[in-house]
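Engineer: So the protein sequences, as listed, match chains A and B. Residue numbers are given in our numbering: position 109 of the first sequence equals residue 136, and the series is strictly consecutive. Residue numbers are given in our numbering: position 236 of the second sequence equals residue 1049, and the series is strictly consecutive. Would you mind keeping the following structure in view while I ask a few things?
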Amino acid sequence: MKRAVICVGSPFGDDALGLVAAPLIEARLSPLGVPVLALDRPGVRLLPMLKGMEEVVFVDGVRSGAPPGTVHRFTEEAVLACLARHTSTHGFGLAEAVALSRRLDQGPGRLFLFGIEIGRAEGEGLTPATAAALPRLVAAVCAAVREGERQ
Amino acid sequence: MTERRELAIEVPVLARVEGEGALELSIRDGHIEALRLNIYEPPRLFEKLLEGRSYEEVPDAVARICGICPVAYQMSAVRAIESAFAKEVTPWIAAMRRLFYCGEWIESHALHIHLLAAPDFFGLNSVLELAEKQPEAVRRGLALQALGNEIIRFLGARSVHPVGARPGGFHRAPTRGEASALRDKLIAALPEAEALVRWCGALPLPEDHQDFECVSVVEPGTYPMMGERIISSRGLDIAIAEFAEVFEERQVPHSTALHCLLRGEPYLVGPLARLNLHWSRLPEAVRKVAQATGVRWPSDNMYHSVVARAVEIHYALIEAIRLLEAYEETAAPWVPLTPREAEGCGATEAPRGLLWHQYRFDASGRVLRARIVPPTSQNQARIEADLVANLTAFGLEREEAALRQRAEQVIRNYDPCISCATHFLRLEVKRS
């Protein structure tokens, strides 16, 4: 099955979650040969990465109002519910990229999003709550990918 | 005196542009009394941020100004640095910079045409809706955009904020194998680029003829990407170092981007300006397809800028193939530079138009002063002049929603990269 883990993040504070998590996930998934991609912006450049994918697992920081450090697992319905009213290219995010790719029949087949409820997204390094939740996130992503493997 | 009736429309931003801003429109007795394109993102402080940094850091720092046109920023910067340190690059480096630039024109123009501009002409709100009505066109556009990114990666190691360029050249020369693999992909995409030009030419574009001065760099014997002189459709012909003497950057209270004027007047930079000035320098194959659209080039209709972008994609593809056909590996992808106390300018044609950089360095090569004049700030005064003419002709008595939509279309013709120029559209109409 053609699939990938796509981790999204920026260099700042807790928003770096995807970039910090990517090598940890890659190290654990390397025997399965599932590519783990890290991306500093999720917009239109996601499209070539989604093309032809049967399953994509996204990893990103989340702000939903839950306590910081909460590990989230969202289904594709929840991800696509984030579709913003399309404004500028700066407003073209992960949900828009997935929706456009699907509309062009370019995949992905299935998708999930794993994330941690993040704190501040400025400065350097993860906040203690996000850092403490990171091993649980990595374990959850790897378990989901292995689960997909068995299907 | 009529009582002033104020109508403030809370529409979330001018849609489908790069960045954010607002438009204020005051209509009195059926005439436009004031029209201001407000730019309200904070000014970019890049010029100050570069002060005190080594010339070696400049290309990677300026690439961060824009995620869509980082190559332009890098190329204007490295040329300014080399001009300050009086160093010429090799023909290999000059050719690869041109190839690098082809990638950026293809990527940036394809993004603009499909995600930002085209939905207007089908009466649709977004590329998501366009993808439903015209999936083949959107697929083709995105494939071309991805190909542009691939060219950038060929030399820049990655397509977003590429890191392959350095003062003096490139860090690494790709192999011949990589070059021929890329060339084959580009050749396969040629029919797609031709079809794109035809598709853009067939869009229902309004007739709107206006009188404006076109400005771009000139490059002897070829369609310009990087040059030493700047010309205009009204006889301007200056060395790039004379830019600041002839073009005046003016602070306006309503915007954090500077307005740039030529002899006190607005002017146009970008694809339509380039095509109008350099039509005869395009290869026959490109002109033929562009002519077959029925558009008469040069054109004084700003709506033709979307067709001009498609023509430039076609051109950039042919030019990139030519450069890759002739590709040879080199052991010297860069030339060493010796810093000295000096000033230098670089001017290149970013996808959106002329991008001018000037740096003053100390003896060790540290930046003492930097000036960056992006294309969008040069087009701002022209956009305002266009809006006044276009909206007046369109009919100021129309409803706000119609006026806003028309205004957005006009602004999109310029593909303003608001995040470069600092910054898009809430419409406020005041009628009295």
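Using N, Cα and C, we set each Cβ at its ideal position, and we do this for glycine too.
Taking only beta-carbon positions, decide if A/Phe85 is within less than 8 Å of chain B.
Structural biologist: For the purposes of this step, residue 85 of chain A is taken as residue 58 along the first sequence, with counting starting at 1. No, because no Cβ of chain B sits closer than 8 Å to the Cβ of A/Phe85.
Engineer: Identify the contact partners of A/Val71 in chain B, using a Cβ-Cβ distance below 8 Å as the criterion.
Structural biologist: One-based indexing of the first sequence puts residue 71 of chain A at position 44. Neighbours of A/Val71 on chain B, chain order: Leu924, Leu928, Leu955 and Gln958.
Engineer: Which residues, taken in chain order from the region 931-952 of chain B, show a beta carbon closer than 8 Å to some beta carbon of chain A?
Structural biologist: Within the region 931-952 of chain B, the residues whose Cβ lies closer than 8 Å to some Cβ of chain A are Asn938, Ser939, Val940, Leu941, Ala944, Glu945, Pro948, Val951 and Arg952, listed in chain order.
Engineer: State yes or no: is the beta carbon of B/Gly880 nearer than 8 Å to at least one beta carbon in chain A?
Structural biologist: One-based indexing of the second sequence puts residue 880 of chain B at position 67. Output row for B/Gly880: interface = yes.
Engineer: Within the continuous alpha helix (DSSP H) that includes B/Asp997, where are the two ends?
Structural biologist: Position 184 of the second sequence, counted from the start, is the residue given in the question as residue 997 of chain B. Looking at the DSSP string, the run of the alpha helix (DSSP H) that includes B/Asp997 is Arg989 to Gly1014.
Engineer: Please name the residue in B/Ala959, B/Leu957, B/Arg985 and B/Ala956 whose C-alpha comes closest to that of B/Ala1270.
Structural biologist: Outside the shown range of chain B (814 to 1245) lies residue 1270 of chain B, about which nothing can therefore be said.
Engineer: Report the three-state DSSP secondary structure of A/Pro162 (helix, strand or coil).
Structural biologist: Position 135 of the first sequence holds residue 162 of chain A. Here A/Pro162 sits in helix by DSSP.
Engineer: Considering only DSSP beta bridges, list what A/Asp87 is partnered with.
Structural biologist: Start at 1 with the first residue of the first sequence, and residue 87 of chain A comes out as number 60. In the DSSP output, where bridge partners are listed per residue, A/Asp87 has A/Gly142.
Engineer: What is the DSSP secondary structure of B/Glu1032, reduced to helix, strand or coil?
Structural biologist: Counted from its first residue, the second sequence places residue 1032 of chain B at position 219. Here B/Glu1032 sits in strand by DSSP.
Engineer: Can you tell me which of A/Arg163, A/Glu149, A/Arg30 and A/Pro155 puts its alpha carbon nearest to the alpha carbon of A/Val84?
Structural biologist: By 1-based counting over the first sequence, the position of residue 84 of chain A is 57. Looking at the Cα atoms, A/Arg30 is the closest of the given residues.
Engineer: Can you tell me which of the three DSSP states B/Phe1056 falls into?
Structural biologist: If you number the second sequence from 1, residue 1056 of chain B lands on position 243. Of the three classes helix, strand and coil, the one that applies to B/Phe1056 here is helix, per DSSP.
Engineer: Check whether chain B comes within 8 Å of A/Ala124, counting only Cβ atoms and requiring the distance to be less than that.
Structural biologist: Here residue 124 of chain A refers to the residue found at position 97 when the first sequence is read from its first residue. Judged by the 8 Å Cβ criterion, A/Ala124 is not in contact with chain B.
Engineer: Less than 8 Å between the CB atoms is what I'm expecting for B/Phe898 and B/Ala1155, so what's the real figure, rounded?
Structural biologist: Taking the first residue of the second sequence as 1, we reach residue 898 of chain B at position 85. Taking the first residue of the second sequence as 1, we reach residue 1155 of chain B at position 342. The Cβ separation is near 7 Å, so the contact holds.
Engineer: Check B/His844 in the structure and name its three-state DSSP category.
Structural biologist: Taking the first residue of the second sequence as 1, we reach residue 844 of chain B at position 31. B/His844 falls in the strand class under three-state DSSP.
Engineer: Would B/Val1030 pass as a contact of B/Leu1136 if the rule is Cβ separation under 8 Å?
Structural biologist: As a position in the second sequence, residue 1030 of chain B is number 217, starting the count at 1. As a position in the second sequence, residue 1136 of chain B is number 323, starting the count at 1. Against a cut-off of 8 Å, the Cβ pair of B/Leu1136 and B/Val1030 comes out as no contact.
Engineer: Classify A/Thr114 as helix, strand or coil using the three-state DSSP reduction.
Structural biologist: As a working note, residue 114 of chain A is residue 87 in the first sequence. Since pLDDT at A/Thr114 reaches only 48, below the 50 mark, its modelled position is unreliable, and the value read off the structure follows with that caveat. Three-state DSSP puts A/Thr114 in coil, outside helix and strand.
Engineer: Got a sec? Which residues, its chain only, sit under 8 Å from B/His1091 by beta carbon, not counting five neighbours each side?
Structural biologist: Counted from its first residue, the second sequence places residue 1091 of chain B at position 278. Answer for B/His1091: Ser1029, Val1031, Tyr1036 and Pro1037, listed in chain order.
Engineer: DSSP has B/Cys1158 in a bridge; who is on the other side?
Structural biologist: Position 345 of the second sequence, counting from 1, holds the residue named residue 1158 of chain B. DSSP output for B/Cys1158 lists B/Gln1171 as bridge partner(s).
Engineer: Taking all protein chains shown into account, do 16 or more other C-beta atoms lie within 10 angstroms of the C-beta of B/Thr1161, making it buried, or fewer, making it exposed?
Structural biologist: Locating residue 1161 of chain B in the second sequence gives position 348, counting from the first residue. With 16 or more Cβ atoms within 10 Å of its Cβ, B/Thr1161 is classed as buried.
Engineer: Give me whichever residues DSSP pairs with B/His1072 in a beta bridge.
Structural biologist: Reading the second sequence from its first residue, position 259 is the one you call residue 1072 of chain B. B/Arg1063, per the DSSP bridge assignment.
Engineer: Short check: CB of A/Asp67 to CB of A/Ala148, under 8 Å?
Structural biologist: Position 40 of the first sequence, counting from 1, holds the residue named residue 67 of chain A. Position 121 of the first sequence, counting from 1, holds the residue named residue 148 of chain A. The answer is no: Cβ separation not under 8 Å.
Engineer: Please go through the same chain and pick out, in chain order, the residues whose beta-carbon is closer than 6 Å to the beta-carbon of A/Gly70, but skip the five residues on each side of it.
Structural biologist: The count along the first sequence starts at 1 and reaches residue 70 of chain A at position 43. Only Phe119 meet the Cβ criterion.
Engineer: Which word fits B/Gln1064, buried or exposed, when buried means at least 16 other C-beta atoms lie within 10 angstroms of its C-beta?
Structural biologist: Within the second sequence, the letter at position 251 stands for residue 1064 of chain B. Exposed.
Engineer: In this structure, does DSSP put B/Trp1092 in helix, strand or coil?
Structural biologist: For the purposes of this step, residue 1092 of chain B is taken as residue 279 along the second sequence, with counting starting at 1. It is helical.
Engineer: Put B/Trp1110 into one of helix, strand or coil per three-state DSSP.
Structural biologist: As a working mapping, residue 1110 of chain B is identified with position 297 in the second sequence. Three-state DSSP puts B/Trp1110 in coil, outside helix and strand.
Engineer: Please confirm whether B/Ile965 and B/Glu917 have their CB atoms less than 8 Å apart.
Structural biologist: For the purposes of this step, residue 965 of chain B is taken as the residue at position 152 of the second sequence. For the purposes of this step, residue 917 of chain B is taken as the residue at position 104 of the second sequence. Yes, Cβ-Cβ distance for B/Ile965 and B/Glu917 is below 8 Å.
Engineer: Would A/Pro75 pass as an interface residue toward chain B - the criterion being a Cβ-Cβ separation below 8 Å?
Structural biologist: In the first sequence, the residue the question calls residue 75 of chain A occupies position 48. Yes, A/Pro75 counts as interfacial toward chain B.
Engineer: List the endpoints of the continuous alpha helix (DSSP H) containing B/His922.
Structural biologist: Residue numbering aside, residue 922 of chain B sits at position 109 when the second sequence is read from its first letter. That run of the alpha helix (DSSP H) goes Pro904 to Leu924.
Engineer: Among B/Ala1001, B/Gly977, B/Leu1049 and B/Pro1096, which has the Cα closest to the Cα of B/Ile1034?
Structural biologist: Position 221 of the second sequence, counted from the first residue, corresponds to residue 1034 of chain B. The sequence as given places Gly at residue 1034 of chain B; Ile does not occur at that position. Answer by Cα proximity: B/Pro1096.
Engineer: DSSP puts B/Leu1081 in a beta bridge; with which residues?
Structural biologist: Within the second sequence, residue 1081 of chain B is the residue found at index 268, counting from 1. Paired residue(s): B/Cys1027.
Engineer: Under the rule that 16 or more other beta-carbon atoms within 10 Å means buried, what is A/Phe213, buried or exposed?
Structural biologist: Coverage of chain A is limited to positions 28 through 178, which leaves residue 213 of chain A absent and any answer about it impossible.
Engineer: Using the three-state DSSP reduction, which class does B/Gly982 fall into: helix, strand or coil?
Structural biologist: Here residue 982 of chain B refers to the residue found at position 169 of the second sequence. Three-state result, B/Gly982: strand.
Engineer: Evaluate A/Asp132 with the Cβ neighbour count: other Cβ atoms within 10 Å of its Cβ, from every protein chain shown; 16 or more gives buried, anything less gives exposed.
Structural biologist: Looking up residue 132 of chain A in the first sequence gives position 105. Classification of A/Asp132: exposed, given that the 10 Å Cβ count is below 16.
Engineer: Taking the beta carbon of B/Pro1187 as the centre, do at least 16 other beta carbons fall within 10 Å, making it buried, or is it exposed?
Structural biologist: To locate residue 1187 of chain B, count along the second sequence from 1; it is residue 374. Buried.
Engineer: Are the region 1004-1018 of chain B and the region 1102-1118 of chain B touching, with three or more C-beta to C-beta distances below 8 Å?
Structural biologist: They touch, by the three-pair rule.
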